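Undergrad: Mind looking over this structure? Questions follow.
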Amino acid sequence: MQIETIIPWMGVAYLLMVWSLLYKENRFFRFAENCFVGAACGYTLTKAIDSLNSSGISPIITKARYDLIIPMILGILILAKFKRNIAFVSQWGVNIMVGIATGLAIRGVLQAQVIVQITATFISLSMMPNPLAYFNNIFVLISVISTIFYFIFTREPSGHLKYISKIGRYAIMLALGPVFASNVLTRMVLLAERVAFFLRVLGIIK
Amino acid sequence: MEKKNRGILEALEYVDRRILYSLMIIVVAVPLIHPLGLPMPISSFTRTAYNAIEALKPGEYVIWASDVDAGAWAECGPQSIAFLNHLFRIPNIKIIIVSFIPAGTDLVLLALKEVDLHDKKYGIDYVILPYIAGGETAKAIFFSDVYKVVTLDVYGTHLEQMSIMKDFKNVNDISIYTGVVSPMTPLEEYIRQLVLPYKKPLIVGVISVNVPTLMPYIKSGQVTAYLGGAMGAAEYELLIGRPGSGLAQADSISTSHLMILLLVLMGNILYIIKRVRGGKK
Amino acid sequence: MSLIRRREISLALAAIGGIIMISDYFINVKAIKDIAAMLQSWGVILAIFCIFLSTGNLVIYHVQRLSRQTKEERGWSGLVLLVMSLFVGTYLAGRQDLFNILFNAIYLPINQAIYGIIGFFLITASYRAFKVRSLEASLLLVSGCAVILKNAPIGSWLWEGVIPIGTWFNEVGGLGGNRGFVIAAALGAFSIGIRVLMGLQKGFAGEAGGGE
Numbered sequence: 040m041q042i043e044t045i046i047p048w049m050g051v052a053y054l055l056m057v058w059s060l061l062y063k064e065n066r067f068f069r070f071a072e073n074c075f076v077g078a079a080c081g082y083t084l085t086k087a088i089d090s091l092n093s094s095g096i097s098p099i100i101t102k103a104r105y106d107l108i109i110p111m112i113l114g115i116l117i118l119a120k121f122k123r124n125i126a127f128v129s130q131w132g133v134n135i136m137v138g139i140a141t142g143l144a145i146r147g148v149l150q151a152q153v154i155v156q157i158t159a160t161f162i163s164l165s166m167m168p169n170p171l172a173y174f175n176n177i178f179v180l181i182s183v184i185s186t187i188f189y190f191i192f193t194r195e196p197s198g199h200l201k202y203i204s205k206i207g208r209y210a211i212m213l214a215l216g217p218v219f220a221s222n223v224l225t226r227m228v229l230l231a232e233r234v235a236f237f238l239r240v241l242g243i244i245k
Numbered sequence: 014m015e016k017k018n019r020g021i022l023e024a025l026e027y028v029d030r031r032i033l034y035s036l037m038i039i040v041v042a043v044p045l046i047h048p049l050g051l052p053m054p055i056s057s058f059t060r061t062a063y064n065a066i067e068a069l070k071p072g073e074y075v076i077w078a079s080d081v082d083a084g085a086w087a088e089c090g091p092q093s094i095a096f097l098n099h100l101f102r103i104p105n106i107k108i109i110i111v112s113f114i115p116a117g118t119d120l121v122l123l124a125l126k127e128v129d130l131h132d133k134k135y136g137i138d139y140v141i142l143p144y145i146a147g148g149e150t151a152k153a154i155f156f157s158d159v160y161k162v163v164t165l166d167v168y169g170t171h172l173e174q175m176s177i178m179k180d181f182k183n184v185n186d187i188s189i190y191t192g193v194v195s196p197m198t199p200l201e202e203y204i205r206q207l208v209l210p211y212k213k214p215l216i217v218g219v220i221s222v223n224v225p226t227l228m229p230y231i232k233s234g235q236v237t238a239y240l241g242g243a244m245g246a247a248e249y250e251l252l253i254g255r256p257g258s259g260l261a262q263a264d265s266i267s268t269s270h271l272m273i274l275l276l277v278l279m280g281n282i283l284y285i286i287k288r289v290r291g292g293k294k
Numbered sequence: 019m020s021l022i023r024r025r026e027i028s029l030a031l032a033a034i035g036g037i038i039m040i041s042d043y044f045i046n047v048k049a050i051k052d053i054a055a056m057l058q059s060w061g062v063i064l065a066i067f068c069i070f071l072s073t074g075n076l077v078i079y080h081v082q083r084l085s086r087q088t089k090e091e092r093g094w095s096g097l098v099l100l101v102m103s104l105f106v107g108t109y110l111a112g113r114q115d116l117f118n119i120l121f122n123a124i125y126l127p128i129n130q131a132i133y134g135i136i137g138f139f140l141i142t143a144s145y146r147a148f149k150v151r152s153l154e155a156s157l158l159l160v161s162g163c164a165v166i167l168k169n170a171p172i173g174s175w176l177w178e179g180v181i182p183i184g185t186w187f188n189e190v191g192g193l194g195g196n197r198g199f200v201i202a203a204a205l206g207a208f209s210i211g212i213r214v215l216m217g218l219q220k221g222f223a224g225e226a227g228g229g230e
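As they're listed, the protein sequences go chains G, C and F.
Every number in the numbering used here is 39 more than the matching position in the first sequence, counting from 1.
Every number in the numbering used here is 13 more than the matching position in the second sequence, counting from 1.
Every number in the numbering used here is 18 more than the matching position in the third sequence, counting from 1.
As structure tokens, then:
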């Protein structure tokens, strides 16, 4: 028997094992679960080794990028976390990485996610070709301001400002409705795809 | 009679979940076996994505990012196949395939088995780069200088040996950045590291869950166009004239959605009846 | 306490890395750009070693379980280590064909099955949890149901008006709230980032030995 014919049947077997959880917790599900943990761990490890070869070892050997020896050493020191009395050296590499990632994130976050979004909200007020566009743009403006009001950055809104916070709650609920609907679509597609796979392997559909 | 009605209502309210699960499997399976053939409207964002790729000129470079894990493959798989079928159909463009998620490269190799390559040659017309770890840091350095972060392709060949890489050094050399993005890669990383500094058009396939959160970036122009989940893939398959798994699932999606709506409606009717009965007492 | 064990060294390293990244963005000096590019390529390699750390943690956990736990749990830990060894072994042996078989036969189908099962839990949630208990819940349900109908092709087949209404909820009704989330989250992320670079957020620095 060819391996190509066995692989789909293994997929069906694992599908039935995982979905047996819908009936009740059982050993078949735990078998599939533990297979997956091992598979995910092993697979990610091999991909990381690939990435290390392409981004670390190969540039040192072929492009004389000897500066990359420093992160290699820091990376090996990260693995010292497993030994309690020298675990402190693992923090150096981790913290450099955290600092780099933090710097990269915050240097663009205000421009990309705050200023551009606020600009887009207000610029739309100048583009109102018809009454519906007028209503939509004002609606979005009120929703944005009230939603931000709902999140407390300084002190809790009191007095009349509480009403803006309340409108913010309604705007958030309106925003969560499409999120729920999109969640339904995603989950149903994931379900339908597995049912289609099952039917295909059984030869009921092509 | 009232006791009997109350019995039926309670039975409906506390129906065994396994009955609901079985019903859902039937509702999903039947349209797969006997398709309904419902018409599929095409959204403006899918058309914008299609037109942008169709407008690519010979010699232009495109990056295609496979930032997807196996869990999202049910939605992103049909999108990947549809996108790649379209890209490979455009004559004389150069396609750089990259991934910032571990499973991305293996999944794109899986997708390419179902793509018509139109005689495009590996190493000349397209190349697949290996997984680059590091998330946003990897994206930042990759976009500014490819050779600082990757030197080999997915098969272990040196990039300098490939003719496709001769005119490609960084993201300034590309016309469009496309790809499929699962929740494992926050889209904000692309906004901050690609769109903001380099101003490149970004066309992404996302899973349906991400569509509402993507909307602010669409409306502000930071993301040019998107494909929304499997329905977006189905629409794209219609546009490129290659029906695939996206369209095949469309009818199942319709019937399952109807069932969800009916369940929500039934649950609320039972809740209202219970409240009214509780008020009467 | 030894100087090199102090937490301040770790925090200073994070701050220096972050400041160089920010300077690279705002200051157009070649030396800073070169150092920033070099640090970014370092970050990629450090991220890979963090993956090694996390997988190592998992391996140690399961190896320890092999000796300590009940017979059943020893079996499960053994299974985890066996499957992991299969993947790593075929990769190190250069057998890409076997590796692909393992990927297609184990990793991919179980991953997809686990994500597929969530759809069933959504069914019970839709039936039991989504009730119109208040005005907020009603708003959520109405907008959700409108977009559900718009997402499914059958919605537009039943009534053409479903598309403009669902599109309105998706692109206008929910836009304000989602935009508010984006702005609020960005402000929160920015403030956390500044705290990290100023050394006020010590959680990630761990037990560097230097303590208060």
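All C-beta atoms in this analysis are idealised placements derived from N, C-alpha and C, irrespective of residue type, glycine included.
Computed from a predicted model, the values in this text were never measured in an experiment.
Taking only runs of the alpha helix (DSSP H) that begin and end inside the segment 17-95 of chain C, which ones reach a length of at least 4 residues, in chain order?
TA: 30-46 and 57-67
Undergrad: Check whether the segment 171-184 of chain G touches the segment 133-151 of chain F, taking contact to mean three or more Cβ pairs, one atom from each stretch, closer than 8 Å.
TA: Verdict: no, contact absent.
Undergrad: Please identify, using Cβ separations under 7 Å, the residues of the segment 40-56 of chain C that lie next to chain F, in order along the chain.
TA: Leu51, Pro52, Met53 and Pro54
Undergrad: Check each candidate in C:Ile55, C:Met279, C:Pro71 and C:Tyr34 and name the one with the smallest Cα separation from C:Ala263.
TA: Per the Cα distances, C:Ile55.
Undergrad: Would you kindly work out how many angstroms separate the C-alpha atoms of F:Tyr79 and F:Ser95, rounded to a whole number?
TA: 9 Å
Undergrad: Please state whether the Cβ-Cβ distance between C:Ser195 and C:Asp119 is less than 8 Å.
TA: Against a cut-off of 8 Å, the Cβ pair of C:Asp119 and C:Ser195 comes out as no contact.
Undergrad: Check the Cβ of F:Asn46 against every Cβ in chain C and list those closer than 8 Å, keeping chain order.
TA: Those within 8 Å of F:Asn46 in chain C number zero; the least Cβ separation is about 12 Å.
Undergrad: Assuming C:Gly242 and C:Ile273 form a contact by the criterion Cβ under 8 Å, report the distance between their Cβ atoms to the nearest whole angstrom.
TA: The pair is not a contact, with the Cβ atoms about 15 Å apart (cut-off 8 Å).
Undergrad: To be precise: take each residue of the segment 190-201 of chain F, compare its Cβ to all Cβ atoms of chain G, and keep it if any distance is under 9 Å. Which residues remain?
TA: Val190, Gly191, Gly192, Leu193, Gly194, Gly195, Asn196, Arg197, Gly198, Phe199, Val200 and Ile201
Undergrad: Alpha carbon to alpha carbon, how far is C:Tyr249 from G:Tyr53? Give it in angstroms, no decimals.
TA: 31 Å
Undergrad: Does the count of Cβ pairs from the segment 139-156 of chain C and the segment 59-66 of chain F closer than 8 Å reach three?
TA: Short answer: they touch.
Undergrad: Specify, as a first and last residue, the run of the beta strand (DSSP E) that C:Lys107 falls within.
TA: Lys107 to Ser112
Undergrad: Note down, in chain order, each residue of its chain lying with its Cβ closer than 6 Å to the Cβ of F:Leu193, except the 5 sequence neighbours on either side.
TA: The beta carbon of F:Leu193 lies closer than 6 Å to none in the same chain, with the five residues before and after it left out.
Undergrad: According to DSSP, is C:Leu123 part of a helix, a strand, or is it coil?
TA: If DSSP states are grouped into helix, strand and coil, C:Leu123 belongs with the helices.
Undergrad: Residues bridged to C:Val194 by DSSP?
TA: C:Asp80 and C:Val219
Undergrad: Please report the distance separating the alpha-carbon of F:Ile27 from that of F:Asn75.
TA: 25 Å
Undergrad: Note down, in chain order, every chain G residue with its Cβ under 7 Å from the Cβ of C:Gly245.
TA: Against C:Gly245, chain G offers no close residue; the least beta-carbon distance is about 10 Å (beta-carbon pairs closer than 7 Å).
Undergrad: Can you check whether the CB of C:Ile177 is closer than 8 Å to the CB of C:Asp138?
TA: Less than 8 Å separates the beta-carbon of C:Asp138 from that of C:Ile177.
Undergrad: Within 10 angstroms of its Cβ, does C:Phe96 collect 16 or more other Cβ (buried), or is it exposed?
TA: buried
Undergrad: Report the CB separation of F:Tyr133 from G:Leu55 in whole angstroms; it is logged as a contact under 8 Å.
TA: With a beta-carbon spacing of about 16 Å, F:Tyr133 and G:Leu55 fall beyond the 8 Å limit used to define contacts.
Undergrad: Suppose contacts are defined by Cβ-Cβ distances below 8 Å. Is F:Leu215 in contact with F:Ala32 by that definition?
TA: yes
Undergrad: Assign F:Thr88 to one of two classes, buried (16 or more other C-beta atoms within 10 Å of its C-beta) or exposed (fewer than that).
TA: exposed
Undergrad: What residues of chain C sit near G:Pro217, judged by a beta carbon separation below 9 Å?
TA: Val224, Pro225 and Met228
Undergrad: Residue ranges of each alpha helix (DSSP H) run of no fewer than 4 residues wholly in the segment 118-199 of chain F, ordered along the chain?
TA: 126-146, 153-169, 171-176 and 180-186
Undergrad: To which residues of the same chain is F:Leu116 closer than 6 Å at the C-beta, ignoring the five residues directly before and after it?
TA: Answer for F:Leu116: Thr108, listed in chain order.
Undergrad: At the level of alpha carbons, what is the spacing between C:Val289 and F:Leu157?
TA: Spanning the alpha carbons of C:Val289 and F:Leu157 requires a straight line of approximately 21 Å.
Undergrad: Tell me the start and end of each unbroken beta strand (DSSP E) in the segment 120-199 of chain G that is at least 3 residues and wholly inside, in chain order.
TA: none
Undergrad: For G:Val240, I'd like the list of residues in its chain whose CB is within less than 6 Å of its CB, leaving aside the five on either flank, ordered along the chain.
TA: Pro47 and Val51
Undergrad: Can you list, in chain order, the residues of its chain with a C-beta nearer than 7 Å to that of C:Gly257? Leave out the 5 residues immediately preceding and following it.
TA: The residues Pro91, Ile94, Ala95 and Glu250, in chain order, have a CB closer than 7 Å to that of C:Gly257 in the same chain once the five nearest residues on each side in sequence are set aside.
Undergrad: Can you tell me whether F:Phe117 sits near the ligand GTP, meaning its C-beta is under 7 Å from at least one heavy atom of the ligand?
TA: Among the components of this structure there are no ligands whatsoever, and the ligand GTP is therefore not found.
Undergrad: Just to confirm before moving on: does the CB-CB distance between C:Ala87 and G:Glu232 stay below 8 Å?
TA: yes
Undergrad: Counting only beta-carbon separations shorter than 8 Å, does G:Asp106 have a partner in chain C?
TA: Closer than 8 Å: no.
Undergrad: Where in the segment 29-112 of chain F do unbroken runs of the alpha helix (DSSP H), each at least 4 residues long, occur, reported from the N-terminal end onward?
TA: 48-86 and 89-110
Undergrad: In three-state terms, what does DSSP make of G:Val228?
TA: helix
Undergrad: Can you pull the DSSP bridge partners for C:His99?
TA: None; C:His99 has no bridge partner.
Undergrad: What does the alpha-carbon distance come out to for the pair F:Ile53 and C:Glu202?
TA: 21 Å
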